[in-house]
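A.B. asks: There's a structure below that I have some questions on.
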Amino acid sequence: MTDNLSKSIKSTEHELSWANRGLKGNSAADVKELCNAIEKHKPLKALRLEGNTINEEAATAIGKVLEKHNEIERLIWNDLFTTRLKTEVPPSLIKLTQGLLTNGCHIVELNLSDNAFGPIGVKGLET
Numbered sequence: 001m002t003d004n005l006s007k008s009i010k011s012t013e014h015e016l017s018w019a020n021r022g023l024k025g026n027s028a029a030d031v032k033e034l035c036n037a038i039e040k041h042k043p044l045k046a047l048r049l050e051g052n053t054i055n056e057e058a059a060t061a062i063g064k065v066l067e068k069h070n071e072i073e074r075l076i077w078n079d080l081f082t083t084r085l086k087t088e089v090p091p092s093l094i095k096l097t098q099g100l101l102t103n104g105c106h107i108v109e110l111n112l113s114d115n116a117f118g119p120i121g122v123k124g125l126e127t
């Protein structure tokens, strides 16, 4: 089964796509395979996570591995918080982006469309 999952990952040389896999990241264990893929993908210029859903614990795990990628430029995270409460989004965004704030990366694209988190979601980007 792992081989089938690996084959379904569509990535380019500098982009890792975990898009539209229906991932329900409710824990660090749920996103372990994704975190391993992020860690191994070098250089990582773009990360596509659209069409999945993650909570704060999963976001923490992803954020820790993203911390090691100061070359990242594009974060395609639209439709990432489907089924999540609006109050869950700000802490998840904070955890996803914490390491990116200190690792020296230069983000040129951040796509958060179709998340429907409203003004409360922006609080996760204010910090």
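For what it's worth, the working numbering labels the leading residue of the sequence shown as 1, then goes sequentially.
For every residue, glycine included, the Cβ atom is placed at its ideal position computed from N, Cα and C.
Please list, in chain order, all residues of the same chain as glycine 22 whose beta carbon is under 8 Å from its beta carbon, the five residues on each side excluded.
C.D. replies: By one-based count along the sequence shown, residue 22 stands at place 22. If we look at glycine 22 and ignore the five residues flanking it on each side, its Cβ neighbours are Gly51 and Asn52.
A.B. asks: Should the region 93 to 112 be called in touch with the region 28 to 36, which here means at least 3 C-beta pairs below 8 Å?
C.D. replies: Short answer: they don't touch.
A.B. asks: Here's the rule I'm using: 16 or more other beta-carbon atoms within 10 Å means buried, otherwise exposed. How should glutamate 56 be labelled?
C.D. replies: Walking along the sequence shown from the start, residue 56 turns up at place 56. So glutamate 56 counts as buried.
A.B. asks: Considering only DSSP beta bridges, list what lysine 24 is partnered with.
C.D. replies: As a first step, residue 24 must be located in the sequence shown, where it is residue number 24. Answer by DSSP bridge pairing, in chain order: Thr53.
A.B. asks: Given that a residue counts as buried once 16 or more other Cβ atoms are within 10 Å of its Cβ, and exposed if not, what is glycine 156?
C.D. replies: This structure does not reach residue 156, given that the chain is present from 1 up to 127, and the question cannot be answered.
A.B. asks: Give the C-beta separation of alanine 59 and leucine 96 to the nearest angstrom, bearing in mind that I take them to be a contact with Cβ-Cβ under 8 Å.
C.D. replies: Indexing the sequence shown from 1 puts residue 59 at position 59. Indexing the sequence shown from 1 puts residue 96 at position 96. With 8 Å as the limit, alanine 59 and leucine 96 qualify as a contact, their Cβ atoms being about 5 Å apart.
A.B. asks: Determine the direct distance from the alpha carbon of lysine 86 to that of serine 92, and round the result to whole angstroms.
C.D. replies: Position 92 of the sequence shown, counted from the start, is the residue given in the question as residue 92. Position 86 of the sequence shown, counted from the start, is the residue given in the question as residue 86. Roughly 10 Å between the two C-alpha positions.
A.B. asks: Contact check, valine 89 vs isoleucine 62 under 8 Å by CB: the rounded distance?
C.D. replies: Looking up residue 89 in the sequence shown gives position 89. Looking up residue 62 in the sequence shown gives position 62. Going by Cβ atoms, the distance from valine 89 to isoleucine 62 rounds to 14 Å, so no, they are not a contact pair.
A.B. asks: Any idea if valine 108 is buried or exposed, counting beta-carbon neighbours within 10 angstroms, 16 or more meaning buried?
C.D. replies: Here residue 108 corresponds to residue number 108 of the sequence shown, with the count starting at 1. So valine 108 ends up on the exposed side.
A.B. asks: Between which residues of its own chain and valine 65 is the CB-CB distance below 7 Å, once the five residues before and five after are set aside?
C.D. replies: Indexing the sequence shown from 1 puts residue 65 at position 65. Correct list, in chain order: Cys35, Ile38 and Glu39.
A.B. asks: If you follow the alpha helix (DSSP H) that alanine 37 is in, where does it begin and where does it stop?
C.D. replies: Here the question's residue 37 lines up with position 37 in the sequence shown. Counting along the chain, the alpha helix (DSSP H) containing alanine 37 begins and ends at 32 to 40.
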